[in-house]
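What follows is a short report on a single structure.
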Amino acid sequence: MAIPLQHHRHYGSFNQIQTPSSKSNFRNRTIIYPIICMTQQQSSSNDDGPSEEKFRQQSTGVAPPPAAQFAPLASTFQRRLLTGVASSSLVALGANFAGITSFLLGLAPEAARSLKLDVLYPIQGFSRCKYEEYQGFEFIYPANWVGDQTLLYRAASKLERYLGGSTPTSRNNPRRNINEPVVAFGPPGSSGELNVSVIVSPVPTDFSDSCNIFFDMNTEHYKKFFTDLFHRIEAFGGPKEVGEALIKTITGKRPNVKGTLVQSSSREDSKKNVKYYSLEFQVESPTFQRHNVAVFCATGGRLFTLNAQAPESLWPNIKSDMYRIADSFTLT
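The opening position of the sequence shown corresponds to residue 2 in the working numbering, with each subsequent residue numbered one higher.
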C-alpha cells in the first residue's frame with residue numbers, strides 16, 4: 002500500500018517529503034538534508050575543499066559581511082593608496098600644479114628665499130633671476146613678467162653664428178655694446194616702458210687727464226684712488242653725488258629732457274665688502290614721463306647697474322614692486 006503524502010515542499014533544486022512514520026523527525030530532516038546538499042554542492046565546486054570558517058558559515062547559512070570579505074585586501078589597498086597619494090603629491094609639488102608649491106613656500110617666504118627656491122617657484126608673486134657670468138648677481142621680479150625677447154633673439158643669433166663656424170673674439174666675454182643689458186624682464190606684450198634690466202660695463206681705467214689735476218700719477222694717492230675705483234662704488238662719490246652726475250648724463254645737452262633726483266640712499270654688504278647706491282629719479286620729455294629706481298655697485302673692474310622703470314602714470318600702483326626689485330639686487 003502506498004504511503005500518502007502529507008506535505009510537499011520545494012527548496013531550490015531539491016524536494017523534501019514528510020511521511021507519517023517520520024513525523025517526529027521531520028524538523029531535523031528538513032534542516033539536515035539541505036545542509037548536506039549545500040555542503041556537497043559547494044564542495045564539488047571548490048577543489049581545495051572548504052575551510053573550517055567557510056564550513057561554519059555554510060552550516061549556519063549566514064553569509065559573511067562585506068567588511069569581513071574584503072579585510073584581507075585592506076592592507077594592500079591602504080599601502081597602494083598611500084603610495085599613489087605620495088607620488089601624485091610629489092608630481093604636483095614638482096610641477097607647481099595649481100600653484101600649490103608657491104602657496105606652501107609662501108607660508109615661510111624668508112626661509113624659502115634664503116634657499117633660493119624662488120629661482121624655480123614663484124614666492125608671493127616674485128621669481129628670482131640668478132645670473133652666473135662675470136661676478137654674478139641676482140634679484141627678484143614679478144612672476145608674470147617674461148624675459149626680453151630682443152635679448153633672447155640676440156643670444157640665439159650669437160649661438161647660431163658660433164655653431165656655424167664664426168668664432169667670437171672671446172668666448173668668455175663676447176663683444177657687445179657696453180650699454181646693452183645682459184638681462185631684462187617686463188610684462189608680456191608691453192611696449193617696453195615698464196621693465197627691469199641689468200647692465201654690466203667695465204669701469205673706465207683711463208683717468209690721466211682728470212686725475213692729473215688732483216694727484217701726481219706717480220704718487221701713492223693716485224694708486225689708492227685707482228684701486229678704490231676699480232673695486233668700489235664709493236670712488237665715484239656719495240649716493241647723492243652719483244645721482245646728480247647720473248641726471249646730468251641723462252639730460253646731457255638736450256633742453257627738452259628734464260631729470261629730477263627724488264632720493265638717494267646706500268646699503269652695504271659687509272661680507273662681500275660691497276656698497277650699493279640706490280637712486281630714485283624722474284625723467285620727462287614732450288613724448289614720455291618715466292619714473293626709475295636704479296642700483297649701482299662696482300667690483301672687480303666692473304660697474305653693475307640695475308634699472309627698474311615705469312611710466313609715471315603707473316608709478317603709484319607699482320612703486321612697491323619696484324622698491325622690492327631694487328632692494329633684492331645683490332652680487333653673488
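For every residue, glycine included, the Cβ atom is placed at its ideal position computed from N, Cα and C.
Alpha carbon of residue i to alpha carbon of residue j, nearest angstrom
i	j	result
F330	Y324	10 Å
N274	A185	26 Å
I319	S286	21 Å
Q136	S271	17 Å
G316	H292	The question names Gly, yet the displayed sequence has Trp at residue 316. Computed Cα separation, rounded: 7 Å.
L332	P256	36 Å
G190	I248	30 Å
Q150	N308	18 Å
E134	P188	25 Å
E194	Q290	10 Å
I251	F282	11 Å
G253	E139	31 Å
D322	G260	22 Å
A246	Y132	28 Å
Same chain, Cβ closer than 7 Å to residue i, neighbours up to 5 away in sequence not counted
i	result
A144	P123, G126, F127, S128
Y142	F127, S128, C130, F186, V197, I326
Beta-ladder partner(s) of residue i, from DSSP
i	result
I319	DSSP, once it has assigned bridges, lists no residue as partnering I319.
N274	N274 pairs with nothing; no bridge assigned.
K131	E139
L195	According to DSSP, which records beta bridges pairwise, L195 is partnered with nothing at all.
G260	V284
L304	S202, A299
N145	Paired residues: none, contrary to the question.
I124	F127
Cβ shell of residue i (< 6 Å), same chain only, five flanking positions each side left out
i	result
I200	P182, T306
S265	P240, K241, G244, L280
F237	V243
S314	none
G301	Q136
V147	P189
F297	I234, Y278, T306
Among the options, the one whose alpha carbon lies nearest that of residue i
i	options	result
R268	Y278, K259, T261, L262	Y278
D328	A295, E134, P312	A295
E235	R303, A299, T288	A299
T288	P312, L304, R303	P312
P203	S321, F282, L304	L304
R233	Y132, G253, K276	K276
Q310	T250, G253, S192	S192
Contact belief for residue i with residue j at Cβ below 8 Å, rounded distance in angstroms
i	j	result
V284	V263	Not a contact, Cβ separation roughly 11 Å.
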